[in-house]
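Novice:
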Amino acid sequence: MRGNEALVLALPKGRILQQVVPLLARTGIEIEPEFDNEHSRQLRFKTNIPNLDVIRVRNFDVATFVAFGAAHLGIAGNDVLMEFSYPEIYAPLDLKVGHCHMAVAGPPGLLAADEPTRWSHVRVATKYPEITKRYFAQRGVQAECIKLNGAMELAPLLGLCRRIVDLVQTGSTLKANGLVEIERIAEISSRLIVNRPALKTRPDEVGDWIRRFEEAVNHAA
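At position 154 of the sequence shown the residue is numbered 154 (full-length UniProt numbering), and the sequence of numbers has no breaks.
So this is what it looks like as structure tokens:
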């Protein structure tokens, strides 16, 4: 990273972004109007701050851009951080947005007939194979993970597997597809993440943004 280049803040697309935008406003960040154009194919945007640009990428990719130094800062759910465990990422701040939780879910009959303490081998559909394997391994259970990027709830319905591990916000999607939550794995929220080398080479700039976000979170509390 060149010390004179603009800092890059990676933002996640989708639901979380709607909750992040008010937080950005409280830090003093205003993004160019094209950012709000739903039909725009632009991915990098200027802000009202001369040395700060914003990129908009998928939630999982925020962590990758920050870990490899393409972005200096980012906002990502701790589900992403748990899945990838990048040592290059420092997560100094819980932003108190994007609240949900990660859970094991399956058909109601499975909950009634299957005691989790008796599991020895399970097949699970999930977007989070590393988290899933670690979670079950801690209980002495071998997890065979089927990687899916969406429509997780279809897996038990179509016989792909009996269990899924996914994020749950209200539980309405599970209910609509005839599934119930079996066990809760972790609470999830969005975090400010920082590239560790950037924090060392540009401590004043990056440190200032950490402080700004912390003040914005405290102001919202």
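Even glycine gets a Cβ: it sits at the ideal position worked out from N, Cα and C.
In this text, all values refer to a predicted model and were calculated from it rather than measured experimentally.
With a threshold of 8 angstroms on Cβ separation, who are the neighbours of Glu88 within its own chain once the five nearest residues in sequence on each side are excluded?
Specialist: Val66, Ala67, Phe68, Gly69, Asn195, Arg196, Pro197
Novice: Counting along the chain, where does the alpha helix (DSSP H) carrying Met152 start and finish?
Specialist: Neither: Met152 is in no alpha helix (DSSP H) and is coded neither H nor E.
Novice: Expressed to the nearest angstrom, what Euclidean distance is found between the alpha-carbon atoms of Lys147 and Val122?
Specialist: 14 angstroms
Novice: With burial defined as no fewer than 16 other Cβ atoms inside 10 Å of the residue's Cβ, what is the status of His72: buried or exposed?
Specialist: buried
Novice: Determine the direct distance from the alpha carbon of Gly159 to that of Glu215, and round the result to whole angstroms.
Specialist: C-alpha separation (whole angstroms): 49 angstroms.
Novice: Closest to Arg162 by C-alpha separation, out of Asp36, Val54, Val180, would be which residue?
Specialist: Val180
Novice: Tell me Glu144's beta-bridge partners as DSSP assigns them.
Specialist: Arg123
Novice: I'd like the span of the beta strand (DSSP E) that includes Val104, first residue to last.
Specialist: 100 to 106
Novice: Check each candidate in Ala63, Leu167, Pro129, Arg56 and name the one with the smallest Cα separation from Ala105.
Specialist: Leu167
Novice: From the DSSP output, in three-state form, read off Arg163 for me.
Specialist: In the three-state scheme derived from DSSP, where H, G and I count as helix and E and B as strand, Arg163 is classed as strand.
Novice: Report buried or exposed for Gly74, applying the criterion of at least 16 other Cβ atoms within 10 angstroms of its Cβ.
Specialist: buried
Novice: Which one or two residues does DSSP pair with Asn195 in a beta bridge?
Specialist: Ile89
Novice: What whole-angstrom Cβ distance do Ser189 and Asn78 have, given they're in contact under 8 angstroms?
Specialist: 6 angstroms
Novice: May I have the straight-line CA-CA distance separating Asp36 from Ala25, to the nearest angstrom?
Specialist: Distance between Asp36 and Ala25, taken at the CA atoms: about 14 angstroms.
Novice: Kindly indicate which three-state DSSP category Lys46 falls into: helix, strand or coil?
Specialist: strand
Novice: Could you pull the DSSP bridge partners for Pro12 from this structure?
Specialist: Val57
Novice: If you compare alpha carbons, which of Glu32, Leu23, Ser85, Cys100 is closest to Arg184?
Specialist: Of the candidates Glu32, Leu23, Ser85, Cys100, the one whose C-alpha sits nearest the C-alpha of Arg184 is Cys100.
Novice: For the alpha helix (DSSP H) that contains residue 226, what are its first and last residues?
Specialist: Outside the displayed range of the chain (1 to 221) lies residue 226, so it cannot be described from this structure.
Novice: Reducing DSSP to helix, strand and coil, say where Ser172 ends up.
Specialist: helix
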